[in-house]
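See structure below.
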Amino acid sequence: MIEIQILRDEKERVITGLKKRGFTTERLSIIDQIIDLDDQRKASQTRLDGLLSERNSLSAEIGNLFKSGQAEEANKLKIKVQDIKQTAETHEAELEDIKQKIEDLLVHLPNIPHASVPDGQTPEDNIIHKAWPGDLPQLPEGALPHWELAEKYQLIDFKLGAFITGSGFPLYRGKGARLQRALISYFLDHAQRAGYEEILPPYMVNSDSAYATGQLPDKEGQMYHMEKDDLYLIPTAEVPLTNMYRGQILAESDLPVKITGYTPCFRREAGSYGADVKGLNRVHQFDKVEIVQIAHPKHSYATLQVMLDHVAHLLDALELPYRILHLCGGDMGFTSALTYDFEVFAAGQQKWLEVSSVSNFESFQANRLKTRYRDENGKPQLVHTLNGSALALARIVAALMENNQTEKGIRIPEILIPYTGFDFITLPE
RNA sequence: GGAGGAGUGGCAGAGCGGUUGAAUGCACCGGUCUUGAAAACCGGCAAGGUGAAAGCCUUCGGGGGUUCGAAUCCCUCCUCCUCCGCCA
C-alpha cells in the first residue's frame, strides 16, 4: 500500500510511474480523490478529537464533583456530556466512513514503478536486461519436450497426479522425486552460504498475512482458500517469510534481515489453457526456494543487484542458458517497484520459461506490514522489502530434462551429483 | 473436542470504574563522577493521528457493549498455559 505522504509529496513521480502501468488520465484522478479524502479525514479527526477532549475533561470534573459531594452539579454535567457523546458518535461514524473510502481506493493503487522501469503493457514490452551470451543448446534429431521425457524415464506421472488430485498437480517418482529434493537442498545450501537464515514456515496463512504482503485483495482468486478456517494456501514463501516481521520495529543494526525458505507453492491460475500449460510449464503446485531481504531504504537497490547475482550464480551452476528481463510497467506485479525476471531456455520445446522473479517493493509492502526500523534519531521509518525465487523448481526441472537429454540418458549437472547420488537418469529396466 | 487459568510498555511485573499511557525492576540511551571501565547518582526511554510548537486525541490480545468516565464490569472471538480425550 502506497503511503499517502508519497502521493502528496511526489505527485509528479507518482503520475509518471502510474502511466507506465497503463493508468489513463481518468484513472489517475484517484490520486486527487485520495488526497481530498485525506484532507477530509484530517478535518473530521480534528472535530472529533475536540469533542472527545471536552468529554474527557468534563468526565474528570464529574468525578471531582462526586468526590466533594456535589452530586447535583455532577448530574447536571452528566446530561451535558451525554449530549456531547451523541454528537461525537455521529462524527465518529463519518470519520470511519472516510477512512474506509481511503482504504478502498488505496488498496487498489499499485506500487509506483522505479524510474528505470520501461513503458509498456504486455510481456513483449519487457526489455532484455541481459541476453544469453553463448549459443543455445542444439539438440539431436528426435529430441523430446520434458513431458514426453518424464513419461519415457518414468520421472513424473501427470495422469496419476490428476487422478489423485486434479490436473496441474504432478506426481514425481523415483529419480524424478530425488531430483526435486536435490535441487531444494542445493538451493537452500547456497542461500545459507550467502548468509540467509533458513526458515520452514507454515504453508497456510490467515487473511491478515495475505493482506499485508498484498496478495489480498488484488489476487484473491489466485489463492486456494479454506473457507471453513479462513486460511489461504501460500502462493509463495514470500507471504509467511515477509510476515515474520509484520508490525515489528527493528534496530537499524538489524538490517539487512536475510531469510530463505523452501515451500511448496499453490496457485489456482484460473483460466489458463493451451500449450503454455503443458507438462510442468504451469502447474497448481510447485516447489520453490525463496530469498527475502529486509533492507535499509538507502541500500535496497544495491541489495537487489546482489540478489540478482545470487540467482544468476545458481543458473550458471546448473549450466542452464538464461536471460534476464527488466519488466515493463504493465507486466510488473501489483506490489513491485522494480522486477527482473529470469528465463531459462528449454530446448526441447524451444521456449523461454520464467524461473525466477526478483523484486524490490520499496516501502509498499512495509507500509502494509508496518515493518520499520529506528533511524539515528530514534524515529521509526519504513523498511524496504525485497524477494526473489532462488529458484522455482518445476520449470528448472523441465529445462534440465530437455537440455540435458543424451543418448545415454538425462545428464545431471555436476553441482547436483552430490545431492542426487547419480549422474545420469537412464531408461527404466 | 471437553474443563479450568491467563493475556498490560523490549522483557519481567503492579494496577478499589475517576490526573494510570499506565507503579516498580531489568534492559537500552544521554549525563555526572573516573586516567578509562565498573559501581553509584541524575535524566530520558511505546506506537499512531493532528499540529510550527505547546498541546489534544486514540491504543493495556481483537471486536462489540454498559457508563458522564473502562486496563479495570459484561458479551464474543483469538492466542497461550494446565488437565482430560483423540492422534502422526
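Quick note: the first sequence uses our numbering, first residue 7, plus one each step. No residue lacks a Cβ here, since even glycine has one placed at the ideal position from N, Cα and C.
8 angstroms contact criterion, which residue i and residue j should meet: CB distance rounded
{"i": "Glu-275", "j": "Gln-228", "result": "7 angstroms"}
{"i": "Thr-391", "j": "Ala-372", "result": "6 angstroms"}
{"i": "Ile-265", "j": "Ile-205", "result": "5 angstroms"}
{"i": "Thr-248", "j": "Asn-393", "result": "7 angstroms"}
{"i": "Ile-104", "j": "Gln-46", "result": "5 angstroms"}
{"i": "His-319", "j": "Ile-297", "result": "That pair is no contact at about 12 angstroms."}
{"i": "Tyr-238", "j": "Tyr-230", "result": "7 angstroms"}
{"i": "Leu-256", "j": "Tyr-379", "result": "5 angstroms"}
{"i": "Leu-43", "j": "Glu-67", "result": "36 angstroms between Cβ atoms; not a contact."}
{"i": "Asp-125", "j": "Lys-26", "result": "5 angstroms"}
{"i": "Ile-402", "j": "Leu-324", "result": "7 angstroms"}
{"i": "Leu-111", "j": "Ile-40", "result": "5 angstroms"}
{"i": "Phe-292", "j": "Ala-400", "result": "4 angstroms"}
{"i": "Thr-359", "j": "Glu-349", "result": "Note that residue 359 corresponds to Leu in the displayed sequence, not to Thr. Contact holds; Cβ gap of about 6 angstroms."}
For residue i: DSSP bridge partner residues
{"i": "Phe-428", "result": "Answer is none; Phe-428 lacks a bridge partner."}
{"i": "Phe-351", "result": "Trp-358"}
{"i": "Leu-256", "result": "Tyr-379"}
{"i": "Gly-394", "result": "Ile-297 and Val-364"}
{"i": "Ile-416", "result": "Gln-411 and Ile-431"}
{"i": "Thr-341", "result": "Beta-bridge pairing links Thr-341 to no other residue."}
{"i": "Leu-177", "result": "Asp-163"}
{"i": "Tyr-346", "result": "His-332 and Val-364"}
N-terminal and C-terminal residue of the alpha helix (DSSP H) that residue i is part of
{"i": "Gly-182", "result": "181-199"}
{"i": "Ala-318", "result": "306-323"}
{"i": "His-97", "result": "77-113"}
{"i": "Gly-267", "result": "Not the alpha helix (DSSP H): Gly-267 falls in the beta strand (DSSP E), residues 263-272."}
{"i": "Gln-46", "result": "31-73"}
{"i": "Lys-234", "result": "Per DSSP, Lys-234 belongs to no alpha helix (DSSP H) and is neither H nor E."}
{"i": "Leu-222", "result": "Unbroken run through Leu-222: none, as it is neither H nor E."}
{"i": "Leu-247", "result": "244-249"}
With 16 other Cβ atoms within 10 Å as the buried cut-off, status of residue i
{"i": "Glu-408", "result": "buried"}
{"i": "Gln-11", "result": "exposed"}
{"i": "Ser-259", "result": "exposed"}
{"i": "Ser-63", "result": "exposed"}
{"i": "Phe-367", "result": "buried"}
{"i": "Thr-219", "result": "buried"}
{"i": "Glu-413", "result": "exposed"}
{"i": "Ala-94", "result": "buried"}
{"i": "Ile-85", "result": "exposed"}
{"i": "Ser-342", "result": "buried"}
{"i": "Met-313", "result": "buried"}
{"i": "Lys-357", "result": "buried"}
{"i": "Pro-246", "result": "buried"}
{"i": "Gln-88", "result": "exposed"}
{"i": "Ala-352", "result": "buried"}
{"i": "Met-440", "result": "The requested residue 440 does not occur in the structure, where the chain is confined to residues 7 to 435."}
Secondary structure of residue i, DSSP reduced to three states
{"i": "Tyr-159", "result": "coil"}
{"i": "Glu-9", "result": "coil"}
{"i": "Val-20", "result": "helix"}
{"i": "Val-204", "result": "Residue 204 is actually Glu in this sequence, not Val. DSSP places Glu-204 in strand when its eight states are reduced to three."}
{"i": "Arg-288", "result": "coil"}
{"i": "Ile-118", "result": "coil"}
{"i": "Ala-168", "result": "helix"}
{"i": "Ala-372", "result": "helix"}
{"i": "Ala-216", "result": "helix"}
{"i": "Gln-144", "result": "coil"}
{"i": "Glu-275", "result": "coil"}
{"i": "Leu-150", "result": "coil"}
{"i": "Ala-14", "result": "In the sequence as presented, Ala is not what sits at residue 14; that position holds Arg. Of the three classes helix, strand and coil, the one that applies to Arg-14 here is helix, per DSSP."}
{"i": "Pro-303", "result": "coil"}
{"i": "Gln-228", "result": "helix"}
{"i": "Pro-129", "result": "helix"}
{"i": "Val-283", "result": "helix"}
Range covered by the beta strand (DSSP E) that runs through residue i
{"i": "Val-403", "result": "Per DSSP, Val-403 belongs to no beta strand (DSSP E); it is in the alpha helix (DSSP H), 399-409."}
{"i": "Pro-386", "result": "386-388"}
{"i": "Ile-134", "result": "133-136"}
{"i": "Asn-212", "result": "210-212"}
{"i": "Leu-331", "result": "328-332"}
{"i": "Leu-237", "result": "237-239"}
Closer than 6 angstroms: residue i CB and nearest the ligand NAD heavy atom
{"i": "Glu-98", "result": "Of the ligands one can find in the structure shown there are none, so the ligand NAD has no counterpart to examine."}
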